[in-house]
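Worksheet for the structure shown next.
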Amino acid sequence: MTKVKALFGAGVLLASVLVATLVAPATSQVEPERVTLTFFDPRSTEHEKEIDEKPAGFSPGDWALIREKQLNPETCETAGQLLLYFAFIETTGKQDGYARFNGDLLLADGKISIQSAGKFSEFESEGGFKFSVVGGTGAYKDASGEGSVTASEPTCEKKGDLITLDLLLQH
Numbered sequence: 180m181t182k183v184k185a186l187f188g189a190g191v192l193l194a195s196v197l198v199a200t201l202v203a204p205a206t207s208q209v210e211p212e213r214v215t216l217t218f219f220d221p222r223s224t225e226h227e228k229e230i231d232e233k234p235a236g237f238s239p240g241d242w243a244l245i246r247e248k249q250l251n252p253e254t255c256e257t258a259g260q261l262l263l264y265f266a267f268i269e270t271t272g273k274q275d276g277y278a279r280f281n282g283d284l285l286l287a288d289g290k291i292s293i294q295s296a297g298k299f300s301e302f303e304s305e306g307g308f309k310f311s312v313v314g315g316t317g318a319y320k321d322a323s324g325e326g327s328v329t330a331s332e333p334t335c336e337k338k339g340d341l342i343t344l345d346l347l348l349q350h
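In our numbering, the protein residues as written are 180 to 350.
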């Protein structure tokens, strides 16, 4: 009887150790690095191509390709280029409607990929327009997080928007 109890006790102990090992978090995992990047968008589009699908005028199916220079808000020097693709989904007023966009912020040390959907009027909302960071390359490989576009006081002697990215970077 004592052999059976000893074997049973050893089995319970072994099972407990296995469960604890499998359930415990790995201590070798590195926590993602939190990084905040801010850019000034002077609202001066370098290149824009709007495609007006039928029916003529502002309507679902219209789309646009946009390239905008992004500036460092402290030095006013070019920090990168923002490439965007907008697809207009539905109009909800004369100059408002739903759209979906995706794009990439091209920086010297990598790319940051973004996407979102929403109404045009959200761009002017007090809290700013929010979007998702869905990936990246180079220094921003596998980046995740969120970003916002908010109206800015005149910066670099221009009116425009601040683009803030709150990133989680896996290293």
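Beta carbons are placed, not taken as given, at the ideal position from N, Cα and C, and that holds for glycine.
Just so we're clear, the structure is a prediction, and the values are computed from it rather than from any experiment.
So for residue i, helix, strand or coil by DSSP?
{"i": "residue 200", "result": "Here the model assigns residue 200 a pLDDT of 48, short of 50, so the residue's position is not dependable and the matter cannot be decided."}
{"i": "residue 301", "result": "helix"}
{"i": "residue 330", "result": "strand"}
{"i": "residue 318", "result": "helix"}
{"i": "residue 313", "result": "strand"}
{"i": "residue 226", "result": "strand"}
{"i": "residue 231", "result": "coil"}
{"i": "residue 349", "result": "coil"}
{"i": "residue 325", "result": "strand"}
{"i": "residue 210", "result": "coil"}
Buried or exposed for residue i, going by 16 or more other Cβ atoms inside 10 Å?
{"i": "residue 249", "result": "buried"}
{"i": "residue 253", "result": "exposed"}
{"i": "residue 293", "result": "buried"}
{"i": "residue 287", "result": "exposed"}
Taking just the CA atoms, how far does residue j sit from residue i?
{"i": "residue 227", "j": "residue 209", "result": "41 Å"}
{"i": "residue 332", "j": "residue 297", "result": "24 Å"}
{"i": "residue 239", "j": "residue 219", "result": "30 Å"}
{"i": "residue 341", "j": "residue 224", "result": "15 Å"}
Would you list, in sequence order, the uninterrupted beta strand (DSSP E) runs of no fewer than 3 residues that lie entirely inside the segment 232–289?
242–250, 257–272, 275–286
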